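Notes to accompany the following structure.
Residue numbers (our numbering): 19 to 247.
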């Protein structure tokens, strides 16, 4: 079994006043050749954005960009004509394709806590696309919730042979990870879980390639990236 435990304290950390960001993989000015991503999963940034601040208009292309809002509301505006609010418990998927510009602003009075996730697409220069859903695992504990997948029946369609699932597991409960692809990468948002004898805490992640059972040592929220490459 090929495994790797990625500890929270080994993440990069950037703080620029209004933004406090922890980088699971090399990003911006933080570079570590040991942490360049897992298969097509290239970025997991754990961002806290101060009130009345945010990312001004900036470009992206040929990247599948997911936003998972955990606290507060982020306001999105893009050159596709979308002006949307993503609230806690909601997910956004922006397929940048040939190119799109967007902004992400916290117009509220409390900080926004969110994850920014980038997946390299398996098709280049496709038409940009925007999707948004509500999928709060705390409302459906102890089960996997499919967030995005390559098939049209997925809640959001991602341009990659990958499935992204989320769960909120109550203490003492367990969930099975069925390894159908090359990489299984579980990122813990809060709490503490155990996988194959490894204790994985908030901010940690665990990479493995075989079936495994996740046991919750505490009430825990996490994301499972099921990746073919």
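Even glycine gets a Cβ: it sits at the ideal position worked out from N, Cα and C. This structure is a prediction, so every number in the text was calculated from the model and none was measured.
1) Which one of 137, 120 and 180 has the shortest CA to CA distance from residue 95?
2) Between the alpha carbons of residue 52 and residue 185, how many angstroms are there, rounded?
3) For residue 137 and residue 204, what's the separation of their Cα atoms in angstroms?
4) Report buried or exposed for residue 25, applying the criterion of at least 16 other Cβ atoms within 10 angstroms of its Cβ.
5) Identify every residue that forms a DSSP beta bridge with residue 131.
6) So for residue 183, helix, strand or coil by DSSP?
7) Can you give the Cα-Cα distance for residue 144 and residue 116, rounded to whole angstroms?
8) Looking at the structure shown, is residue 58 part of a helix, part of a strand, or coil, going by DSSP?
9) According to DSSP, which residues form a beta bridge with residue 29?
10) Please name the residue, chosen from 160, 44 and 167, that lies closest to residue 194 on a Cα-to-Cα basis.
11) Can you say whether residue 122 is buried or exposed, counting buried as having 16 or more other CB atoms within 10 angstroms of its CB?
12) With 8 Å set as the bound, which would you pick, yes or no: does the beta-carbon of residue 48 sit closer than that to a beta-carbon of chain D?
13) Hey, out of 247, 28 and 165, whose CA is closest to residue 140's CA?
14) Using 8 Å as the threshold, is the C-beta distance between residue 128 and residue 146 below it?
15) Whose C-beta lies closer than 7 Å to the C-beta of residue 132 among residues of the same chain, with five residues either side of it excluded?
16) So, helix, strand or coil for residue 200, using DSSP?
17) Nearest to residue 156 by alpha carbon, out of 244, 30, 31 and 239?
18) What is the residue span of the beta strand (DSSP E) that residue 141 lies within?
19) Determine the direct distance from the alpha carbon of residue 148 to that of residue 79, and round the result to whole angstroms.
Quick answer:
1) Mapped onto the chain shown, residue 95 falls at position 77. Out of 137, 120 and 180, the CA that lies nearest to the CA of residue 95 is found in 120.
2) Position 34 of the chain shown, counted from the first residue, corresponds to residue 52. Position 167 of the chain shown, counted from the first residue, corresponds to residue 185. If you take the alpha carbons of residue 52 and residue 185, they lie about 28 Å apart.
3) Within the chain shown, the letter at position 119 stands for residue 137. Within the chain shown, the letter at position 186 stands for residue 204. Taking the straight line joining both Cα atoms gives about 15 Å.
4) Along the chain shown, one-based indexing puts residue 25 at 7. Residue 25 counts as exposed, since fewer than 16 other C-beta atoms from the protein chains shown sit within 10 angstroms of its C-beta.
5) One-based indexing of the chain shown puts residue 131 at position 113. DSSP links residue 131 through a beta bridge to 66 and 89.
6) As a working mapping, residue 183 is identified with position 165 in the chain shown. Residue state, collapsed to three classes: strand.
7) Mapped onto the chain shown, residue 144 falls at position 126. Mapped onto the chain shown, residue 116 falls at position 98. Approximately 6 Å, taken between the alpha carbons.
8) Counted from its first residue, the chain shown places residue 58 at position 40. Three-state result, residue 58: coil.
9) For the purposes of this step, residue 29 is taken as the residue at position 11 of the chain shown. Answer is none; residue 29 lacks a bridge partner.
10) Position 176 of the chain shown holds residue 194. Out of 160, 44 and 167, 160 has the C-alpha closest to the C-alpha of residue 194.
11) On the chain shown, position 104 is the one that residue 122 refers to. Under this definition residue 122 is a buried residue.
12) Here there is only one protein chain, and chain D is not present.
13) Walking along the chain shown from the start, residue 140 turns up at place 122. With distances taken between Cα atoms, residue 140 lies closest to 247.
14) The residue given as residue 128 occupies position 110 in the chain shown. The residue given as residue 146 occupies position 128 in the chain shown. Contact flag unset, no.
15) The residue given as residue 132 occupies position 114 in the chain shown. Cβ neighbours of residue 132 beyond the five flanking positions: 65, 85, 86, 87, 88 and 92.
16) For this step, residue 200 is matched to residue 182 along the chain shown. Looking at residue 200 - three-state DSSP - the assignment turns out to be coil, as it is neither helix nor strand.
17) Along the chain shown, one-based indexing puts residue 156 at 138. For residue 156, the nearest C-alpha among the options comes from 239.
18) Within the chain shown, residue 141 is the residue found at index 123, counting from 1. Premise fails: residue 141 is in no beta strand (DSSP E) and is neither H nor E.
19) For the purposes of this step, residue 79 is identified with residue 61 of the chain shown, where counting begins at 1. For the purposes of this step, residue 148 is identified with residue 130 of the chain shown, where counting begins at 1. Residue 79 and residue 148 have their C-alpha atoms some 13 Å from each other.
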